[in-house]
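Letter by letter, the sequence shown follows residues 0 to 248 of numbering that gives the first Met the number 0. Single-structure report; data block below.
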Amino acid sequence: MVHAVLPALIPDIRKIYEAYFASFDNEQMGNIMLGILFPGGVDSEEFRAAHAAGTLDWWHKSDTQYTYKCVDMDTAEIVGMGLIDVYIKPRTEEERKNGGVPWLAGEQRERAEKVLNPLWEVREKLFGGRPYIYTHVIGVAPEHQGKKAGAAIVSFGIDLCNRTGLPMYFEASPTSVNMYEKFGYERLDETIVHKAELLGTEKDVVVPLMVRMPKRAGGMTFREWREKGYPDFGKLGTPAATSGLWRQK
């Protein structure tokens with residue numbers, strides 16, 4: 000079975016998010032997050048239509064966010080997806096301000112922002128306005144999990160990390176952290192702890208924070224890069240990745 004990761008197209012929106020919403024059926028933290036962000040549920044036709052329309056509108060506005068589809072090349076079926084922001088150039092405080100969750104109100108919004116705000120605060124602490132890649136989510140439909148679709152998406156992300164020369168940051172889940180470590184992601188000392196009373200779980204949930212450094216870093220870990228004051232990789236004597244597609248002159 001061969002999987003290809005391709006740019007998502009407008010006609011793909013509904014199918015991409017069918018895989019996304021289904022991917023968390025058996026994943027505790029993802030399921031909890033969906034319930035917090037979309038407390039009215041995600042399965043109704045009314046919600047899916049509104050979500051697709053909102054996604055299309057966002058695609059017309061964002062100049063940093065990219066959505067990818069993972070396709071089973073035997074069937075042409077969309078079996079997974081990935082959502083990333085590629086911050087190619089430095090951003091001002093205004094450009095990276097916390098947008099919150101404007102689609103919610105009252106106690107629902109307050110609860111959601113108590114979960115999301117710490118994630119934003121740590122990203123701000125670690126990267127500030129520096130260029131990097133932020134992986135929002137990787138999702139694979141349940142019936143295709145364990146069949147290398149997730150590995151295809153992660154491998155695609157690593158290639159993008161190396162070709163751009165940008166570190167890739169990801170907030171993993173307790174169940175996925177081992178996979179990312181196998182792919183060379185570095186688990187950071189910083190952690191985020193969501194309290195049980197906020198999530199409605201029996202125990203607090205620790206969010207592992209992961210970074211994949213590009214080849215251009217020359218083997219330097221994120222921890223070392225940060226301790227040295229985030230030096231430009233180009234000044235470390237390591238060559239940039241080259242490709243006719245990515246580095247045309």
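Cβ coordinates follow ideal geometry from the N, Cα and C atoms, glycine included.
Problem - Counterpart residues of M80 in DSSP-defined beta bridges - result: Along the sequence shown, read from residue 1 onward, the residue named residue 80 stands at position 81. In the DSSP output, where bridge partners are listed per residue, M80 has K68, G138.
Problem - Residues near M80 in its chain [Cβ-Cβ closer than 6 Å; skip 5 each side] - result: By one-based count along the sequence shown, residue 80 stands at place 81. I15, A18, Y19, K68, G138.
Handout entry: Which listed residue (I35, M209, R13) has its alpha carbon closest to that of I157
Key = Working through the sequence shown from its first residue, we reach residue 157 at position 158. Out of I35, M209, R13, M209 has the C-alpha closest to the C-alpha of I157.
Problem - Under the three-state DSSP convention, the category D56 falls into - result: One-based indexing of the sequence shown puts residue 56 at position 57. D56: helix per DSSP, three-state reduction.
Practice task
Could you have a look at Y254 and say whether DSSP puts it in helix, strand or coil?
Solution key: Residue 254 is absent from the structure shown; the chain starts at 0 and stops at 248.
Problem - Within 8 Å, strictly: CB atoms of K181 and M0 - result: The residue labelled residue 181 in the question sits at position 182 within the sequence shown. The residue labelled residue 0 in the question sits at position 1 within the sequence shown. For K181 and M0, no; Cβs fall outside 8 Å.
Exercise for the section: Please work out which residues of its chain come closer than 6 Å, Cβ to Cβ, to W245, disregarding the five sequence neighbours upstream and downstream, and give them in chain order. Expected result: The residue you call residue 245 lines up with position 246 of the sequence shown. Reliability of the predicted coordinates at W245 is poor, the pLDDT of 37 falling under 50, and no value is obtained from them.
Practice task
Assuming I173 contacts R211 (C-beta within less than 8 Å), just tell me the rounded distance between them.
Solution key: The count along the sequence shown starts at 1 and reaches residue 173 at position 174. The count along the sequence shown starts at 1 and reaches residue 211 at position 212. Here the sequence assigns Pro to residue 173, which means Ile is not the residue at that position. 19 Å between Cβ atoms; not a contact.
Handout entry: Reduced DSSP secondary structure (H/G/I, E/B, other) of I191
Key = In the sequence shown, counting from the first residue as 1, residue 191 sits at position 192. Three-state result, I191: strand.
Exercise for the section: From the DSSP output, in three-state form, read off P10 for me. Expected result: For the purposes of this step, residue 10 is taken as residue 11 along the sequence shown, with counting starting at 1. Three-state DSSP puts P10 in a helix.
Handout entry: L118 - DSSP class collapsed to helix/strand/coil
Key = Here residue 118 refers to the residue found at position 119 of the sequence shown. Correct three-state label for L118: helix.
Practice task
Please say whether V121 and I35 have beta carbons closer to each other than 8 Å?
Solution key: Working through the sequence shown from its first residue, we reach residue 35 at position 36. Working through the sequence shown from its first residue, we reach residue 121 at position 122. No; because the gap between Cβ atoms is not below 8 Å, this pair is not in contact.
Handout entry: Euclidean distance between Cα positions of S43 and E112
Key = Your numbering for residue 43 matches position 44 in the sequence shown. Your numbering for residue 112 matches position 113 in the sequence shown. Spanning the two alpha carbons is a distance of roughly 24 Å.
Exercise for the section: Measure the alpha-carbon distance for K96 versus L198 and round it to whole angstroms. Expected result: Counted from its first residue, the sequence shown places residue 96 at position 97. Counted from its first residue, the sequence shown places residue 198 at position 199. Whole-angstrom Cα-Cα distance: 25 Å.
Exercise for the section: Look up Y184 in the DSSP assignment and say whether it is helix, strand or coil. Expected result: Taking the sequence shown and counting its residues from 1, the one referred to as residue 184 is at position 185. The answer is coil: DSSP assigns Y184 none of H, G, I, E or B.
Exercise for the section: Return the Cβ separation of F46 and L33 in integer angstroms, given the expectation that the two are a contact with Cβ distance under 8 Å. Expected result: Here residue 46 is taken as the residue at index 47 of the sequence shown, counted from 1. Here residue 33 is taken as the residue at index 34 of the sequence shown, counted from 1. Not a contact, Cβ separation roughly 11 Å.
Problem - Span separating the alpha-carbon of K248 from that of G233 - result: Here the question's residue 248 lines up with position 249 in the sequence shown. Here the question's residue 233 lines up with position 234 in the sequence shown. Residue placement at K248 cannot be trusted, given a pLDDT of 31 that sits under 50; what the coordinates show is reported in the next sentence. Looking at the two C-alpha atoms, the distance is approximately 18 Å.
Exercise for the section: Go through its chain and collect everything with a Cβ distance to M28's Cβ below 7 Å, but skip five positions before and after it. Expected result: Here residue 28 refers to the residue found at position 29 of the sequence shown. The answer, listed in chain order, is S172, P173, V204.
Practice task
For H193, count neighbouring C-beta atoms within 10 Å of its own C-beta (all shown protein chains included) and say buried if the count is 16 or more, exposed if not.
Solution key: The residue given as residue 193 occupies position 194 in the sequence shown. It is buried - the Cβ of H193 has at least 16 other Cβ atoms within 10 Å.
Practice task
Quick one: give me the first and last residue of the beta strand (DSSP E) that L159 is part of.
Solution key: Locating residue 159 in the sequence shown gives position 160, where the first residue counts as 1. Looking at the DSSP string, L159 is not in any beta strand (DSSP E); the run it does join, the alpha helix (DSSP H), is 148 to 163.
Exercise for the section: Note down the Cα distance separating D231 from H135, rounded to an integer number of angstroms. Expected result: Counting from 1 along the sequence shown, the entry for residue 231 is found at position 232. Counting from 1 along the sequence shown, the entry for residue 135 is found at position 136. Each residue's alpha carbon lies about 25 Å from the other.
Practice task
Could you check the C-alpha separation between V206 and E189 for me, to the nearest Å?
Solution key: Reading the sequence shown from its first residue, position 207 is the one you call residue 206. Reading the sequence shown from its first residue, position 190 is the one you call residue 189. Looking at the two C-alpha atoms, the distance is approximately 9 Å.
Practice task
Tell me, to the nearest whole angstrom, how far the beta carbon of L55 is from that of I87; I am working on the premise that it is less than 8 Å.
Solution key: Translated into positions along the sequence shown, residue 55 becomes position 56. Translated into positions along the sequence shown, residue 87 becomes position 88. About 23 Å; that fails the 8 Å criterion.
Handout entry: Distance, H143 Cα to V4 Cα
Key = If you number the sequence shown from 1, residue 4 lands on position 5. If you number the sequence shown from 1, residue 143 lands on position 144. Distance between the alpha carbons of V4 and H143: 14 Å.
Problem - Cutoff 7 Å; reference A151; Cβ partners in own chain excluding five residues on either side - result: Position 152 of the sequence shown, counted from the start, is the residue given in the question as residue 151. Closer than 7 Å at Cβ, skipping near neighbours: H2, V4, C69.
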